[in-house]
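Visitor: In this text, residue positions in the sequence shown follow the working numbering: the first is 25, and each later residue adds one.
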Amino acid sequence: MAGLVLNAVAMGLGMHPGAWRQRDGSPFDYTDLDYYAEIARLAEQGRLHAMFLADTLAVSEENFERPNLGAMDPTVVLSALASITTHLGLVATASSTYNEPYNLARRISSLDHLSRGRAAWNIVTTFVPDVAANFGDASLPKSEGRYQRAEEFVDVVIRLWESWQDTALIGDKAAGRFADGNQVQPIDHHGEFYNVRGPSTLPRTRQVRPLLFQAGSSDAGRQLASRVADVIFTAQNTLAAAQDFYADIQRRVAGFGRAPGSLKVLPGLIPILGGTEAEARARKDELDELGGHAELKKLALRVGVPVSALELDKPLPVDLIRANEKFLGAEGFRSAAMRLSEEEGLTVREVLYRNGGGHFQVVGTPEQVADRIAEWHGAGAADGFNLMIDVLPSGLRDFVEQVVPILQARGLFHREYEGKTLRESLGLPAIPTGRLTPSTRHAAE
Ligand SMILES: Cc1cc2nc3c(=O)[nH]c(=O)nc-3n(C[C@H](O)[C@H](O)[C@H](O)COP(=O)(O)O)c2cc1C
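(1) Could you give the first and the last residue of the continuous beta strand (DSSP E) run that contains Leu411?
(2) Taking the alpha carbon of Leu416 as the reference point, which residue from Ser50, Phe151, Leu28 and Phe351 has its own alpha carbon closest?
(3) Consider the C-beta atom of Phe237 and the heavy atoms of ligand 1; say whether any pair is separated by less than 6 Å.
(4) Round the Cβ separation of Gly356 and Ser449 to the nearest angstrom and send it over; I've been treating them as touching at under 8 Å.
(5) Measure from the alpha carbon of Leu431 to the alpha carbon of each residue in Val83, Ala394 and Ala244, then state which is nearest.
(6) Which residues mark the beginning and the end of the alpha helix (DSSP H) in which Ile108 is found?
(7) Let me know the secondary structure DSSP gives Ala162 once reduced to three states.
(8) Determine, using beta carbons only, whether Val424 and Gly70 come nearer to each other than 7 Å.
(9) At the level of alpha carbons, what is the spacing between Pro295 and Tyr126?
(10) Give me, in chain order, the residues of the same chain whose beta-carbon lies closer than 6 Å to that of Arg131; leave out the 5 immediate sequence neighbours on both sides.
(11) Need the endpoints of the beta strand (DSSP E) that Phe202 sits in, please.
(12) Can you round the beta-carbon distance between Gly408 and Val29 to whole angstroms, since I take them to be within the 8 Å contact cut?
(13) Could you round the C-beta distance between Val178 and Leu164 to whole angstroms and report it? I think they count as a contact, below 8 Å.
(14) What's the C-alpha gap between Pro227 and Glu186?
(15) How long is the line joining the alpha carbons of Ala61 and Thr191, rounded to whole angstroms?
(16) So what's Gly369 in DSSP terms, helix, strand or just coil?
(17) With a threshold of 6 Å, establish whether the CB of Asp79 neighbours any heavy atom of ligand 1.
(18) Please work out which residues of its chain come closer than 8 Å, Cβ to Cβ, to Phe437, disregarding the five sequence neighbours upstream and downstream, and give them in chain order.
(19) Find out if the Cβ-Cβ distance for the pair Pro339, Thr371 is shorter than 7 Å.
(20) Would Ser134 pass as a contact of Ala106 if the rule is Cβ separation under 7 Å?
(21) Quick check on Phe237: does DSSP put it in helix, strand or coil?
(22) Please determine whether the Cβ atom of Glu355 lies at a distance below 6 Å from any heavy atom of ligand 1.
(23) Between Gly200 and ligand 1, is the CB less than 6 Å from at least one heavy atom?
(24) In terms of residues, what are the limits of the alpha helix (DSSP H) holding Leu287?
(25) Return yes when the C-beta of Gly369 is under 6 Å from any heavy atom of ligand 1, and no when it is not.
(26) Is it the case that the Cβ atoms of Pro91 and Ala318 are separated by a distance below 7 Å?
(27) Looking only at C-alpha atoms, which of Arg396, Leu236, Leu323 and Asp268 sits nearest to Ser286?
(28) With a Cβ-Cβ cutoff of 7 Å, do Ala74 and Val101 count as a contact?
(29) Check each candidate in Ile108, Thr149, Val232 and Ala403 and name the one with the smallest Cα separation from His137.
(30) For Trp185, list the residues DSSP reports as bridge partners.
(31) Does Val331 pass the burial test, meaning 16 or more other C-beta atoms within 10 Å, or should it be called exposed?
(32) Given a cut-off of 7 Å on the beta-carbon distance, is the pair Val289 and Ile273 in contact?
(33) Taking 6 Å as the cut-off, is the C-beta of Val289 nearer than that to any heavy atom in ligand 1?
(34) According to DSSP, is Pro223 helix, strand or coil?
(35) I'd like to know whether the C-beta of Phe151 is nearer than 7 Å to at least one C-beta of chain C.
(36) Examine ligand 1 and report whether any of its heavy atoms sits within less than 6 Å of the Cβ of Gly245.
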């Protein structure tokens, strides 16, 4: 199995709703460059592969109780971080439903140039209902429609990124030849949703083009990722479910004629660390106390029922959840919570304990966290993890200082970056130069 991949996710002031009250420092740090810079430096010090920023295009009611987890534009924040890091990958989430491909291709390509080949776009189709009204929509398009649009959107973006041939730039000062216009071609895309002539304003980058991450685990989400993405980010919270997901992705990737290992599967992992297991549990309890009902509200939104339908010491109301045919949210999150509840008979409180924010949560010592990481990685459940740190930056410092050395000592995690670009450090196949990526969209249909 290839080396373990670890990324740091910087959401709000930490993944836990109580983070902003528990941590030292200003509650308003989430708009401060120094805060993000500290996270990036820590991530690079720990040789983490990338820093990942989520995105939300709306303020929700809960954002008056805690910082918005995706308030800042990720591409803007990551551009600033490009200048203080040298190897760290920079992954910017952006919605394919509420952007235009031309602008987005340009923004991410700019980040890739500025970082000398360390950028990735995390494709999401948006699942937060409040977003729709900010873009003139009465409600979110249904999941199926969002993904139809995403499929075309991504193809346009890739073609724009590759619209300059590798040898298009000449830069011959003596002869006065800057670029060869014959090697910069329009893409002339006319599709169901988009009409884009191109070419891109920018030439190819050091890693030819930015990487593609995809976050979404419904059937359509898996299909999109398996066709085009380099990394899929998913919410899994039992080993068996993660193994099923992993195997399913490998089948789909093969169905599209892609090489094994060309799509890395990264579940989210929330490590809650303590010197002893009891200390870790005390930390979790303290955070839950400070977080109030925020976790409960998030769970209600994710499973598509009103918060009043969830009782802490009763099981999840799975029949009610299934009966909601109008569910427009993320299927990945909904099924992760349901599966946990149904297979292990957990109460709502226990689901919250194990399923912080829908992701795999480990409350324990650095050794215990390292054990679970090794277990999932060795059991064909994950190529690595997106670390959803509970409190930032302190939780990341703890992880880097306490968990990373254990993983390195066990030979699981690298001690140095494998290359300068994100594509190289993830060990992904190079894109053959000179070619345009053919559409493989229908190969597995
Ligand atoms: C692990 C994970 C992370 C996600 N992160 C975001 C995000 O940062 N911003 C966002 O708008 N949507 C995010 N989404 C939801 C996506 O918008 C997704 O494309 C869509 O809602 C449907 O997800 P599904 O394929 O699981 O149904 C995320 C989904 C998953 C499973």
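C-beta: ideal position from N, C-alpha, C; glycine also. It should be emphasised that the depicted structure is a prediction, and the values quoted were computed from it without experimental measurement.
Guide: In short, the structure shows the following:
(1) That run of the beta strand (DSSP E) goes Gly408 to Met412.
(2) Comparing Cα-Cα distances from Leu416 to each of Ser50, Phe151, Leu28 and Phe351, the minimum goes to Ser50.
(3) no
(4) Contact flag wrong, Cβ pair sits at about 26 Å.
(5) Scanning Val83, Ala394 and Ala244 for the CA closest to the CA of Leu431 turns up Ala394.
(6) Where Ile108 is concerned, there is no enclosing alpha helix (DSSP H), given that its DSSP letter is neither H nor E.
(7) Here DSSP, grouped into helix, strand and coil, assigns Ala162 to coil.
(8) Yes. Within cutoff.
(9) About 38 Å.
(10) Leaving aside the five residues that flank Arg131 on each side, the residues in its chain whose CB is nearer than 6 Å to its CB run, in chain order, Thr99.
(11) Arg201 to Ala203
(12) 3 Å
(13) About 19 Å separates the two Cβ atoms, so there is no contact after all.
(14) Taking the straight line joining both Cα atoms gives about 8 Å.
(15) 35 Å
(16) coil
(17) yes
(18) Gly27, Leu28, Leu30, Arg71, Val428 and Leu431, listed in sequence order.
(19) Thr371 sits close to Pro339, with the two beta carbons spaced by under 7 Å.
(20) no
(21) strand
(22) yes
(23) No, ligand 1 has no heavy atom inside 6 Å of this Cβ.
(24) Boundaries for Leu287: no alpha helix (DSSP H) harbours it, and the DSSP string shows neither H nor E there.
(25) no
(26) In terms of Cβ geometry, Pro91 and Ala318 do not form a close pair [threshold 7 Å].
(27) Leu236
(28) The criterion of a C-beta distance shorter than 7 Å is not satisfied by Ala74 and Val101.
(29) Val232
(30) Residue pairing from DSSP leaves Trp185 without any beta-bridge partner.
(31) exposed
(32) A contact, by the Cβ cut-off of 7 Å.
(33) Checking the Cβ of Val289 against ligand 1 gives no.
(34) coil
(35) As a matter of chain content, chain C is missing from the structure shown, which is built from one protein chain.
(36) yes
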